[in-house]
Amino acid sequence: MLFWALKSTGELDGFWTGFASRRHDWKSIVVWIDNPALETPKIIAVSMSTSDTTYNHPMASDYIGTNTSFRVRYQLGLGSPNMTFTHLDGEYQPLIMWEQLTDAARVALNESFKFEDAEMPFNDEYFEKRLEKARPL
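Per numbering that gives the first Met the number 0, the sequence shown starts with residue 0, numbered consecutively.
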């Protein structure tokens, strides 16, 4: 599971097109691979969070990239802000594993950490539930 902590998802401090919205949010993507023991596993499915409790399951033909990598972007539109595939170039984001976090960071994230109403997707309380919701059909 990859995740992003996003501040101010609205255009103006919690408002988007005149409607109140979250000022902070978590977005997550679950990447399903064929065999984690392989040096270069292949991506078999991707699930993108659309809210705290639901995931979109795009078809493999929607992926823009290869069977070992893809590009995503965070976009604002009608409804909730979301993640989507893109062909645009961007920056590589560092991958930090849960085990690489300090003990203090893991404790803080496990204390039901929320940005307002947005639930943190990968702490001990929510991780298994999120994986189940993200499981491809």
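The C-beta atom is built at its ideal place from N, Cα and C for all residues, glycine as well.
The structure presented is a predicted model; accordingly, all values stated were derived computationally and were not measured.
Asked                                                                                                       : Found
Helix, strand or coil at Q74 according to DSSP, with G and I counted as helix                               : strand
Pair within 8 Å by beta-carbon distance, R129 and M47                                                       : no
Unbroken stretches of the beta strand (DSSP E), 3 residues or longer, contained in the stretch 82–108       : none
Exposed unless 16 or more other CB atoms sit within 10 angstroms - verdict on W97                           : exposed
Through-space distance from T52 to V106, alpha-carbon basis                                                 : 23 Å
Closest residue to F2 among F84, L37 and P120 (Cα-Cα distance)                                              : P120
Assigned secondary structure, A36 (DSSP; H/G/I helix, E/B strand, else coil)                                : coil
Under the three-state DSSP convention, the category K128 falls into                                         : helix
Residue range of the unbroken beta strand (DSSP E) whose run includes M58                                   : Counting along the chain, M58 falls outside any beta strand (DSSP E), and DSSP gives it neither H nor E.
M0 - containing beta strand (DSSP E), residue span                                                          : From DSSP, M0 is part of no beta strand (DSSP E); its letter is neither H nor E.
Close beta carbons around P135, own chain, < 7 Å, minus the five adjacent residues each side                : W31, A44, S46 and H56
I95 classed as buried or exposed, judged by whether at least 16 other C-beta atoms fall within 10 angstroms : exposed
Counterpart residues of S27 in DSSP-defined beta bridges                                                    : F2
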